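As numbered in our numbering, residues 345 to 829 make up the sequence shown, in order. No residue lacks a Cβ here, since even glycine has one placed at the ideal position from N, Cα and C. It should be emphasised that the depicted structure is a prediction, and the values quoted were computed from it without experimental measurement.
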Amino acid sequence: MLYHSTRNKNHIADSAQAVLNGLAPDGGLYVPAVLPEVDVAACLQESTMDMAARIIGAMLPDVPDMPELVRRAYTGKFQTQELTPTVDTGKFTVLELFRGPTSAFKDVALCMLPQLLTRAKTVKGMQEDILILTATSGDTGKAALAGFQDVDGVKICVFYPDGGVSKVQRAQMVTQEGSNVAVCAVTGNFDDAQTGVKNIFAAGVEGRLPDGNRCRLSTANSINIGRLAPQITYYFKAYADLLKRGQIAMGDEVNFSVPTGNFGDILAGYLAKKLGLPVGRLICASNANNVLTDFIRTGTYDRRRPLHKTISPSMDILVSSNLERLLYLMSGDTELVAELMGKLNTQGSYTVPEELKNAIGEEFWAGCCDDAGAGETIRKVWQEQNYLCDTHTATGWAVAEQYVAESGDTRPMVVLSTASPYKFPAAVLSALEETTQTDEFRQMERLEQLTGVPIPENLRGLEQKKERHTGVIEKDEMLRYVMEI
C-alpha cells in the first residue's frame, strides 16, 4: 500500500517505509494514496485485540504478522483486555484511554509503535540503528520512553518544554530507566521543541555522524503514521461498546468530543469515519490556546499569539502538526497544502479556500474552555455523575456541552478521556475545592482519600525513583545535543 507526502505526490513510500521514515523527505506527512477497505460490521464483533489487528493491518499492510505484533504490544500492559473501556455516566459516555502503563492515551499507540518499527526494519533489511526523536507536551514522552525502553536496534531521545509539563509528567520522564533512552528539557514551549525536532530531520543528521554511529532518524510523534494508525481502533471500540449495551443500533451515528492539541487524536476519528464507522460530528475541544477553534470557525490558522500555560498542558500547542493531513485528505491538493505550510512557516498564518473551510465545518465543530471552566466541569461531573476526570477530559466534556446546547444534536456523545486525573492532582484537587499547598505526590494521596478512586500503580511511589535525566538546553542547542548523544 502506497503512501505519499501531503506536499508532493511524487514522494512515495510503502506503509512499512513510511513508518520507518516518520516524515516525508520534503517535511510533509505521509498519507495513504487510497484508503483501505475495512469490514466494519465484522470488526465491531471482534475482541479489542482482533479489532486492532484488522484496522492497523489494513492501514499498514506492508508490516506483516499484525495479530502477533498486536498481542506483543498490549498483552499484560493494560488494566483490562478491553484496553480502552467506556463508562456510561448517565449523560455522556467516557472513553477511557488512560488504562495503560503510563496513564495516558498515548499508550495505545506507543505500545504498538516499537513493534511496527522493528518489524518494518526487518522487512526492509535495515542494518542501522533507528534514532527516535520526539517532542512532547507531557504524555507522549513517557509513553514513548516506556515503549522503546531497551528495544534492540532503537534509541530514543525525548525533548520537553522546561516548566511546561506537570510535575508528575516530568517525574515520569526524568526517572526513566533504559540503556537506549535520553531525555532533555528545552527552554521554551512545546512548539519550540517540536520545531527543533523537525529542523533536526531537515539538517540531514544521518550523514553527519562519526563513523561507527550510523543511524536512521524516525519519530514517535503522531506525525508518524505508525503512531496514528493504532489510535483509529478505539473509535471502533467505543462504537462497539454502545452497540453491545443497546444504546445504539448498527448504523446510528455517534458524536465524539476530543481534547485536542496536535490534532492527531481527532484525526484518527476522522480516519475511522472514512473507513466506514458511523461517526457523526467530531468536536474539537481546545483550552485557552484556541488556535484550532478559531481555524475551524473562520478558516484562518494564525499561530501569531501568546502561548498560555494552562492546567491542561498537553494541549498547550499553537502549531498542530496533524492538521496538515486533514488539509490534504479534505482537499486532495498537495500543491495547496505545500503553499499553506509555507505560509505558516514564513508568515505565521494562512487562510484556506472557502470551499475547504465549509467542508471542514461539515465534519468538525470546535469550542474552547479556559482553566476556570475546566475546574468547574471537574467539580460538576464529580458531584453530578460521580465520575472523576482530569483537566483535558474536562475540557472535552465542557465543549461537548457547548456543542449540544448550541446545536440541539441528540445523537449519543462520547468524550475521549486522555489522561488519569492523578497526572494533574493539583488542578483536580483545586477544582474539588481542596487545599493544594503540599507537593503533587502528597496531593495524589489526598485525592485518593477524598474520592476513593485508586492511584494508578505506575504513578504510586514515583517520587522515590532516582532522577536520571536532568539536563536543560536552549532550543537552538537541540541539534548539537543529538549529535553528542
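State the CB to CB distance for the pair MET501 and ALA479, rounded to an integer number of angstroms; the pair is presumed to be in contact (CB under 8 Å). According to the sequence provided, residue 501 is Cys. The question's Met does not apply to it. That pair is no contact at about 10 Å.
Would you kindly work out how many angstroms separate the C-alpha atoms of ASP609 and ALA616, rounded to a whole number? 11 Å
According to the Cβ coordinates, are GLY366 and THR563 closer than 8 Å? yes
Taking the alpha carbon of ASP646 as the reference point, which residue from LYS581, LEU688, PHE768 has its own alpha carbon closest? LEU688
For the alpha helix (DSSP H) containing ARG824, list its first residue and its last residue. Segment 822-828, the alpha helix (DSSP H) holding ARG824.
Between the CA atoms of PRO411 and GLN389 - distance to the nearest angstrom: 16 Å
Cβ neighbour criterion (16 or more within 10 Å) applied to ASN533: buried
Would DSSP call ASP432 helix, strand or coil? Strand at ASP432.
Just verifying my parser: in three-state terms, what is the DSSP assignment at HIS736? helix
For ASN354 and THR484, which I take to be in contact (beta-carbon distance under 8 Å), what is that distance rounded to the nearest angstrom? That belief does not hold up - the Cβ atoms of ASN354 and THR484 are roughly 30 Å apart, past 8 Å.
Proximity below 8 Å, CB of THR695 to CB of THR644: yes
CYS455 bridges to which residues according to DSSP? BP columns for CYS455 are empty, so no partner.
Here's the rule I'm using: 16 or more other beta-carbon atoms within 10 Å means buried, otherwise exposed. How should ASP820 be labelled? exposed
Across which residues does DSSP place LYS499 in a beta bridge pair? Beta-bridge pairing links LYS499 to LEU475.
I believe LEU561 touches LEU475 by the beta-carbon criterion, under 8 Å. Please report the beta-carbon distance rounded to the nearest angstrom. 5 Å
Which same chain residues, not among the five before or five after GLN729, have their C-beta less than 7 Å away from its C-beta? THR433, GLY434, LYS435
So, are the CB atoms of ARG463 and ASP409 less than 8 Å apart? yes
Identity of the residues DSSP links to TYR297 by a beta bridge: Lying before the first or after the last residue shown, residue 297 is absent from the chain, which here runs from 345 to 829.
Which runs of the beta strand (DSSP E) fall wholly inside the region 701-726 and span at least 3 residues, in chain order? Those beta strand (DSSP E) runs which fall completely within the region 701-726 and span 3+ residues are 708-712.
Cβ neighbours of PRO756 in the same chain (closer than 8 Å, five flanking residues each side left out): THR437, LEU586, GLN591, ILE592, ASP596, VAL598, ASN599
How would you call VAL816, buried or exposed, if buried means at least 16 neighbouring beta carbons within 10 angstroms? Taking all protein chains in view, the Cβ of VAL816 is surrounded by fewer than 16 other Cβ atoms within 10 Å, so the residue is classified as exposed.
Output the distance between the C-alpha atoms of GLN781 and LEU611, rounded to the nearest integer angstrom. 39 Å
Exposure of ALA386, with buried meaning 16 or more beta-carbon neighbours within 10 Å: exposed
Nearest-angstrom Cβ-Cβ length linking THR315 and THR762, presumed shorter than 8 Å: This structure leaves residue 315 out entirely; the chain is present only between 345 and 829.
Give the straight-line distance between the Cα atoms of THR531 and MET594, rounded to the nearest whole angstrom. 50 Å
Taking DSSP's pairing of strands, which residues face PRO603 in a bridge? ALA629
By DSSP, does GLU777 sit in helix, in strand, or in coil? In the structure shown, the three-state DSSP call for GLU777 is coil.
Indicate whether ILE400 and PHE580 have their beta-carbon atoms separated by less than 8 Å. When the beta-carbon positions are compared, ILE400 and PHE580 stay at least 8 Å from each other.
Would you call the region 507-523 and the region 805-813 touching, i.e. three or more CB-CB distances under 8 Å? Three or more beta-carbon pairs drawn from the region 507-523 and the region 805-813 are found closer than 8 Å, and the two stretches are therefore classed as touching.
Can you list, in chain order, the residues of its chain with a C-beta nearer than 8 Å to that of ASP406? Leave out the 5 residues immediately preceding and following it. MET345, ASP358, SER359, ALA360, GLN361, ALA464, VAL467
Please name the residue in ARG558, LYS486, ALA402, ALA490 whose C-alpha comes closest to that of GLY620. ALA402
I need the boundaries of the beta strand (DSSP E) containing VAL384, first residue and last residue. No beta strand (DSSP E) contains VAL384, which is instead part of the alpha helix (DSSP H) from 384-387.
For ASP496, the nearest candidate out of GLN471, VAL509, LYS486, THR519 (CA to CA): Closest option to ASP496, Cα to Cα, is GLN471.
ILE817 - DSSP class collapsed to helix/strand/coil: strand
Across which residues does DSSP place MET757 in a beta bridge pair? Its beta-bridge partners are ASN599.
DSSP three-state label for THR655, please. This sequence places Ile at residue 655; Thr is not what is there. ILE655 falls in the coil class under three-state DSSP.
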